[in-house]
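Numbering that gives the first Met the number 0 numbers the first residue of the sequence shown as 0 and each following residue consecutively.
In what follows, a single structure is set out as structure tokens and then discussed.
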Amino acid sequence: MRNISRLVGPVLLSCGVILSATAAVEPAPPASYGIARIFAKPGLTGYHPEEVEWSPDGRYVTYFLRHGDGGLADLHILDTRTDRNSVLLTAEQLGSAAEPPSDIKNQRVQERITRYHVASYRWSPKSDAIFFLSNDQVYLYDLSSHKITQITHEPGAKRNPQLSPDQRWVSYLTDGDLHYTPVSGGKVYSVMPHVSGVLNGQLNWVYREELELRSGYRWSPGSRYIAFLQSDQRPVHSFPLINYLAQQPSVYEQKYPNAGTPNPLVRLGVCDVQSGRTVWMSMAGTADTYLARFGWLPAGERVYGEVLNRAQTQLQLLTADPESGAARVVVSQTDPDWVDVRAAPHFLKSGGFIWNSQQDGWHHLYLFSDDGRVARKLTFGDYNVLKLEGVDEQRGQLYFTRYTHGPLNTELYRVSLRGGEPRAMTLGSGTHNINMAPQARAFLDSYSNVLTPPSLTLVNLENGRHTLIQASAKLSYRFQKPSFFRIPAADGRTPIYARMTLPPDFDSAKKYPVIMYQYGGPDVAPTVRDVWGGSGFLFDQLLVKQGFILFATDNRAATYFSHRSQALVKNHLGALALADQLAALNWLKSRPYVDAARIGIWGWSYGGYMATYALTHAPGAWRAGIAVAPVTQWQDYDSIYTERYMGTPQANPAGYAESSDVAAAKNLADPLLLVAGTGDDNVHWQNTLQFIQALIAAGKPYQLLVYPNKTHGISGPAARTHLFTAMQDFWQQQLKP
């Protein structure tokens, strides 16, 4: 489960060359805007580079840039040697590959593309071509000849195409199976015969969502083998998602493992493309294991896998022989609460590997020898490494990101593989989202802060040159700047970060209503950050102009706290977050300018759960609340996420009962607006219906907004405009005198 309600690098190193942005100059926006303008294409900030990709040799950067009311995308290319930026392929040449995801009628397909960042194009392994999907076929664009060639012809929709490293083969997924065929044309092969209910190379939903895997197969470096995940979904319960808008309703049966119910059986196979023989690796493949990561060692002589037990308290790194399947354990990590699966190990060509571990209570990077022993701890301190961004093995340096100033800033750091003090590569306040070149000789920096939309800059680490690819959108509106500060958590000792935005005509002698936003769930990006908040920020600015104070805070399970602090939620979701939100509520009520009787709370997804939990477990504390796409009892949510923090319902019945909004529905005493999409395949709207049934049984009134066929994001200009207009009206009715 990830926070989706707030849809969205400080000054860079040294000064260098700055080129003009590639985006066309937009006309000046009007002096004010409304909700519809926020969600209309292309929004107030215009189009931004999308699907930014490096060529494997690190020379080129490519990205989509949309244009016009239709939002079709041209593919741009930047040569990092010359700083020449040009259109490589037009939207017409790309065909359906350039279609905006928002134009796709199937909501589940649309959400899969946007939520999981499914690429519409890829670079060839030799950096000499681009290949892309258009109208269900794979096409190849040769950079030297400028020729587009159709390289697949098999009927049927295709996903996740890949070229083998020698570029002799193209592989793709169709109908849940992994196929491969010569690029030059010929017979189509399958790694396994088709079996209904079994996926080969295609990820099941829960692996995509909760383990954040993006591909279910990998070519070996020598192009002889394909390693792939097989997911046997036949033991998994199906959940019906019904399209009631059609005259004859249709049903999509989603394989969705609830907490405590059977999981898909996932094992790792290796197919020899020369013989067509598939060998199963001796790792995972049982009801009590997850295969969280997999891939190839640099020389391609062995395949690796990360195997996590179902309780998620033990993580093993294994390697296996692709010919025999025999495996051996290299490293084992254990934790009494849970082991976070953050990333795959980075294997060095010179030997050894870099891997993340939380063994000292914080997520840090370690250098391991080939036999699994720790050779060196590479990062130190009371902070969590967010991501290993890249490794320059030739120079013996690695790059990682972390928060600074609590959660407010996100910075890039460099440290030597030989050890030493990390050096900040970005400076100042704000958020740097980094996309490192394959050899870590350059990086793309998407920088923003709370008042500044993202800009995109190429930073060359070899010569210090900076190339501006797209500048921040210039908005003429007068925004109210939020303030950041710390307040005490419920324990009275721990400081937690908070954000407050005051109305433009704020008068400390008056009393104002407050809208509190929160998320509350563990292991997600903090709510309080110095980052551009996109449509959520723009909506908040409308509310402050209407006389509301906007407030948000995280809790002691936020990702900028240690693992031990985050583990306070173990077996008891909801309680810790509510305690800290109540502490924040009491802090607000102590302010002379806050009307203590007019404070509302809202959230989306886990935040929707917490808004409902707050109003049912602390009735009367808040005046009203809004819960969008809420989980209402954890038995309804998926196995991997829920069991990580709660165990199974069978082992922890008391924890599930005390964490339930449904069980506490009889306590609801304050107005609550429930919002759900009937096509939500993440948090099924079953959660909302079960909560409503409990309200009916208790004689409690309720308010409900239903969005037919909409998925978890309730996306699209019309739906978003309708939803946020209704939210604005609700706050006006409930919090204004």
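Beta carbons are placed, not taken as given, at the ideal position from N, Cα and C, and that holds for glycine.
The beta carbon of Gln253 sits closer than 7 Å to the beta carbons of Trp204, Ser237, Phe238, Leu240 and Asp680 from its chain, once the five residues preceding and following it are set aside; these are given in chain order. Taken through DSSP and simplified to helix, strand or coil, Glu642 comes out as helix. Within the same chain, Cβ atoms closer than 7 Å to the Cβ of Gln733 are found at Gly599, Arg622, Ala623 and Pro670, the five residues on either side in sequence being excluded.
By the C-beta criterion, the segment 458 to 473 is judged not to be in contact with the segment 541 to 550, since fewer than 3 inter-stretch pairs fall below 8 Å.
Contact check between the segment 242 to 257 and the segment 270 to 280: fewer than three CB pairs, one atom from each, fall below 8 Å, which does not count as touching. Between Thr687 and Arg107 a beta carbon distance of about 18 Å is seen, past the 8 Å cut, so the two are scored as non-contacting.
Taken in chain order, the unbroken stretches of beta strand (DSSP E) that lie wholly in the segment 386 to 425 and span 3 residues or more are 396 to 403 and 408 to 415. With at least 16 other beta carbons inside 10 angstroms of its own, Leu290 counts as buried. Note on the segment 420 to 508: whole beta strand (DSSP E) runs with a minimum of 3 residues are 430 to 435, 441 to 448, 451 to 459, 465 to 469, 482 to 487 and 494 to 500, in chain order.
The beta carbon of Gly405 is closer than 6 Å to those of Tyr496 and Tyr559 in its chain, skipping five residues each way along the sequence. Residue pairing from DSSP places Leu307 in a beta bridge opposite Tyr289 and Leu314. Taken through DSSP and simplified to helix, strand or coil, Thr724 comes out as helix. If you draw a straight line from the Cα of Ala325 to the Cα of Arg207, it comes to about 27 Å.
When DSSP states are grouped into helix, strand and coil, Pro100 belongs to the helix group. Comparing C-alpha distances from Thr89 to each of Arg563, His571 and Ile147 shows the shortest one belongs to Ile147. Counting the other Cβ atoms within 10 Å of the Cβ of His75 gives 16 or more, which makes it buried. For secondary structure counted as the alpha helix (DSSP H) over 4 or more consecutive residues, the segment 130 to 216 holds these complete runs in sequence order: 204 to 209. Taking the CA atoms as reference points, Leu704 sits about 11 Å from Ile625. Cβ neighbours of Ser143 within its own chain (closer than 8 Å, five residues either side excluded): Asp127. For Val513 and Arg590, the gap between their C-alpha atoms comes out near 11 Å. Within the same chain, Cβ atoms closer than 7 Å to the Cβ of Leu614 are found at Trp621, Gly624, Leu667, Asp669 and Leu671, the five residues on either side in sequence being excluded. Membership of Asp539 in the alpha helix (DSSP H) is indicated by the continuous run Gly533 to Lys544.
About 12 Å separates the CB atoms of Pro234 and Ser638; that is not less than 8 Å, and the two are not in contact. Collapsing the DSSP output to three states places His345 in a strand.
In the assembly as shown, Ile695 is an exposed residue. Its beta-carbon has fewer than 16 other beta-carbons within 10 Å.
Bounds of the beta strand (DSSP E) holding Ile548 are Ile548 to Thr552. In the displayed model, Gly599 falls within a strand according to three-state DSSP. In this structure, the straight-line span from the alpha carbon of Ala551 to that of Tyr640 is close to 24 Å. Under DSSP, Asp73 shares a beta bridge with Leu64.
DSSP places Asp637 within a strand segment (E or B) once states are collapsed to three. Rounded to whole angstroms, the separation of the alpha carbons of Gly70 and Arg36 is 16 Å.
Within 10 angstroms of the beta-carbon of Gln201 lie 16 or more other beta-carbons, which makes it buried. Assignment of Arg563 by DSSP, reduced to helix, strand and coil, places it in the helix class.
Beta-bridge partners of Glu252 (DSSP): Pro239.
Taking 8 Å as the cut-off, the Cβ atoms of Phe352 and His362 do not count as close. Contact check for Tyr402 and Lys510: beta-carbon distance about 35 Å, past the 8 Å limit, so the pair fails to qualify.
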